[in-house]
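Numbering (our numbering), first residue to last: 20 to 423. Where is the CB? At the ideal position from N, CA and C, for every residue including glycine. Structure, as structure tokens:
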Amino acid sequence: MTQKSPSALAETAPSSVRVPESQRLEEPIIPVWQLEPRESSGPELHEEPLIPVSDESTDSISSTEFSGEAVFSWIQAAGDRQESKNSNEPSFGSRIRLNLETSFSGEDQFRLRLQTTNVVELDDVFDTDLARLSIQGADQYQVSLSRLDYQFPVGEDTEVFVQAIGGSISDIADPLNPLFSSSSRGAISRFGQRNPLYRQGGSTGIGLSHDFNDRINISLGYLGDNQDVFSNEESVAFAQLTLEPADSIRFGLLYTYGLNGLDTGTGSQQANDPFLEQSDAINSHSVGLQGTAKISEQLTLSGWTGYTRATATDLSNQPHADIFNWAFTLGYKNLFRDRTLGGLIIGRPPHVSSDAQPAWHLEVFYQVQLNEHITLTPGIVVITAPDPNRSPIVVGTLRTLFRF
């Protein structure tokens, strides 16, 4: 599990730039743990940017690379909408990213990402995060600074991560869902990308990842609010032990301790705020177990389970809530034709133990890479019992990715 510098995607947008007061990145830049050499089978995506900014000589260590992507989504959704969102017309939206990636020593990496997103927010339409897709946002075509970080090695086996804007646990600790974790090339839904525990906490902080050997890795760190890293608004400390007992099998045990960081944007309303806005000091202990196994050259099976014990320390008797989630994902490369990926996700998003009828999440998609620049992904997401006495939510989408 040797750490490598990631290559990243980025976004194009107007020249004016604003930094939002608080912004959680929908999907992190491809982290170091995901940058293993790709196999010849399945959708092959070039990791090197196609347009280099600088023509550095071979004698120079410092280099800068520029890359980008544009994602266009056609979305048709059905279910019990809010009264103000009762239109059943399909929607069309886009997300554009521009990324600047610089290495000063040849082993470190400084990353800056600009982004603009204008894709319908289904959590607002249906009043539940259960319907949220991997890409959404309403930036009104304004550009925001969505990612700013720096990573560098310490010795041969340790990588240090400094995240200023848009960081997450999954940038430092491997979420072990390799085929589905990308928002533009993976799962259609937000829940299907990774265990929601990786979305706890803030987006600014520090972490490190250390390889004891080729089979054992430990990752740990702290993330807080980007306005005040050490405030009580939203923070999480975490550690993960990742084991690779065989070349085709990996497991990860994640532990997090958080403060007011339960809202992962994936679960039921009560799972995201179990005390219904009555508490301003919610401590939580979470444990996640995730794993992935490459069954064959085409077939990869992954999955996870997560448990959180949340306590409202500022309320009388300090009430607590137990929150659960789990999922299985199945990815099949070269399904029916070369350069394709079939995906299946079945699970239950975050829900409290007292829920009489937790929602089921069912998802299927089929990704077709037309060439090195263009990828099409049609897919369907079904959410059963999003709330008591509400009809299922069904979302159909066609996602088109252009990389440059």
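Cβ-based neighbour list, residue i, same chain, cut-off 6 Å, excluding 5 preceding and 5 following
{"i": "Leu-131", "result": "Leu-119 and Leu-167"}
{"i": "Arg-422", "result": "Glu-88 and His-392"}
{"i": "Pro-338", "result": "Ala-331"}
{"i": "Thr-261", "result": "Asp-193, Asn-236 and Gly-271"}
{"i": "Arg-99", "result": "Here residue 99 is Asp; the residue named in the question, Arg, does not match the sequence. So the qualifying residues of the chain are Arg-409 and Ser-410."}
{"i": "Ser-81", "result": "Phe-123"}
{"i": "Gly-221", "result": "Leu-242, Gly-243, Asp-244, Glu-253 and Ser-254"}
{"i": "Asp-357", "result": "none"}
{"i": "Gln-289", "result": "Val-371"}
{"i": "Arg-234", "result": "Glu-263"}
{"i": "Leu-395", "result": "Val-387 and Thr-419"}
{"i": "Gly-325", "result": "Asn-214, Leu-216, Gly-307 and Asn-344"}
{"i": "Ala-97", "result": "Val-413"}
{"i": "Phe-355", "result": "none"}
{"i": "Gln-155", "result": "Val-138 and Glu-140"}
{"i": "Pro-405", "result": "Thr-147, Leu-149, Ala-378 and Ile-412"}
{"i": "Phe-129", "result": "Thr-121 and Tyr-169"}
{"i": "Ala-256", "result": "Tyr-241 and Tyr-276"}
{"i": "Asp-78", "result": "Residue placement at Asp-78 cannot be trusted, given a pLDDT of 47 that sits under 50; what the coordinates show is reported in the next sentence. Contacts found: none."}
{"i": "Ser-41", "result": "Model confidence at Ser-41 stands at a pLDDT of 42, short of 50, so the residue's coordinates are unreliable; what they give is reported in the following sentence. So the list is empty, once near-sequence residues are dropped."}
{"i": "Phe-111", "result": "Trp-93"}
{"i": "Leu-417", "result": "Trp-93 and Pro-397"}
DSSP bridge partner residues for residue i (one or two, in chain order)
{"i": "Asn-107", "result": "Answer is none; Asn-107 lacks a bridge partner."}
{"i": "Thr-223", "result": "Gly-243"}
{"i": "Asn-302", "result": "Leu-278 and Thr-330"}
{"i": "Asp-176", "result": "Asp-176 is not bridged to any residue."}
{"i": "Gln-386", "result": "Leu-360"}
{"i": "Leu-198", "result": "DSSP lists no partner for Leu-198."}
{"i": "Asn-118", "result": "Arg-132"}
{"i": "Leu-420", "result": "Val-90 and Thr-394"}
{"i": "Arg-367", "result": "Trp-345"}
{"i": "Gln-259", "result": "Ser-238 and Leu-273"}
{"i": "Glu-253", "result": "According to DSSP, Glu-253 bridges with nothing at all."}
{"i": "Asp-230", "result": "Asn-236"}
{"i": "Tyr-351", "result": "Leu-318 and Gly-361"}
{"i": "Ala-340", "result": "Ala-329"}
{"i": "Ala-265", "result": "Ile-268"}
{"i": "Gly-415", "result": "Gln-95 and Ile-399"}
{"i": "Ala-312", "result": "Ile-268 and Leu-320"}
{"i": "Ile-207", "result": "For Ile-207, which the question treats as bridged, DSSP gives no partner whatsoever."}
Cβ-based neighbour list, residue i, same chain, cut-off 7 Å, excluding 5 preceding and 5 following
{"i": "Val-72", "result": "In this predicted model, Val-72 has a pLDDT of only 43, less than 50, meaning its place in the structure is not dependable enough to derive any value."}
{"i": "Ile-402", "result": "Leu-149, Ala-150, Ala-378, His-380, Pro-411 and Ile-412"}
{"i": "Trp-323", "result": "Asn-214, Gly-307, Leu-308, Gln-309, Trp-345 and Ala-346"}
{"i": "Pro-109", "result": "Trp-93, Ile-94 and Gln-95"}
{"i": "Arg-328", "result": "Ser-303, His-304, His-339 and Asp-341"}
{"i": "Ile-314", "result": "Leu-320"}
{"i": "Asp-158", "result": "Thr-135, Thr-136 and Asn-137"}
Test: residue i CB closer than 7 Å to a CB of chain C
{"i": "Leu-262", "result": "In the structure shown, chain C cannot be found, because there is only a single protein chain."}
Reference residue i, options the options, closest by Cα
{"i": "Ser-238", "options": "Asp-176, Thr-419 and Val-162", "result": "Asp-176"}
{"i": "Val-181", "options": "Val-387, Asp-230 and Asn-245", "result": "Asn-245"}
{"i": "Ile-365", "options": "Asn-344, Lys-352 and Arg-358", "result": "Asn-344"}
{"i": "Ile-342", "options": "Arg-269, Thr-324 and Ser-372", "result": "Ser-372"}
{"i": "Gly-280", "options": "Lys-313, Arg-218, Pro-264 and Ile-225", "result": "Arg-218"}
{"i": "Ser-200", "options": "Gly-350, Val-400 and Val-90", "result": "Gly-350"}
{"i": "Ser-335", "options": "Phe-294, Thr-223 and Gly-398", "result": "Phe-294"}
{"i": "Gly-240", "options": "Ala-340, Tyr-274 and Arg-213", "result": "Tyr-274"}
{"i": "Glu-126", "options": "Val-144, Phe-91, Asn-390 and Pro-172", "result": "Pro-172"}
{"i": "Ser-267", "options": "Thr-319, Asn-232 and Asn-291", "result": "Thr-319"}
{"i": "Asp-333", "options": "Leu-278, Leu-363 and Thr-359", "result": "Leu-278"}
{"i": "Leu-389", "options": "Gln-128, Gln-259 and Thr-359", "result": "Thr-359"}
{"i": "Gln-376", "options": "Gly-224, Arg-367 and Asp-190", "result": "Arg-367"}
{"i": "Tyr-276", "options": "Gln-259, Asn-232 and Gly-361", "result": "Gln-259"}
{"i": "Glu-382", "options": "Ile-225, Gly-211 and Val-144", "result": "Gly-211"}
{"i": "Gln-463", "options": "Gln-297, Thr-147, Phe-91 and Ser-113", "result": "The question about residue 463 has no answer here: the residues shown for the chain are numbered 20 through 423."}
{"i": "Phe-145", "options": "Leu-195, Gly-185 and Asn-107", "result": "Asn-107"}
{"i": "Phe-231", "options": "Gly-174, Thr-223, Ile-225 and Gly-185", "result": "Gly-174"}
{"i": "Asp-143", "options": "Pro-407, Gly-415 and Asn-105", "result": "Asn-105"}
{"i": "Ile-399", "options": "Gly-415, Pro-407 and Tyr-385", "result": "Gly-415"}
{"i": "Thr-223", "options": "Ile-188, Pro-197 and Ala-312", "result": "Ile-188"}
{"i": "Phe-384", "options": "Asp-374, Lys-352, Pro-407 and Pro-369", "result": "Lys-352"}
{"i": "Pro-197", "options": "Gln-297, Ala-312 and Pro-369", "result": "Ala-312"}
Residues near residue i in its chain [Cβ-Cβ closer than 8 Å; skip 5 each side]
{"i": "Arg-37", "result": "A caution first: Arg-37 carries a pLDDT of 41, below 50, which makes its placement in the model too unreliable to give a value."}
{"i": "Ile-225", "result": "Val-179, Phe-180, Val-181, Gln-182, Gly-240 and Tyr-241"}
Heavy atom of the ligand ATP within 6 Å of residue i beta-carbon
{"i": "Phe-129", "result": "In terms of ligand content, the structure shown is empty, and the ligand ATP therefore cannot be addressed."}
Exercise. Is the number of C-beta pairs between the stretch 274-291 and the stretch 136-156 that are closer than 8 Å three or more?
Worked result: yes
Exercise. Could you give the uninterrupted runs of the beta strand (DSSP E) lying entirely in the stretch 129-175, keeping only those of 3 residues or more?
Worked result: 162-173
Problem set entry | Contact between the stretch 195-209 and the stretch 156-165 (3+ Cβ pairs under 8 Å) | no
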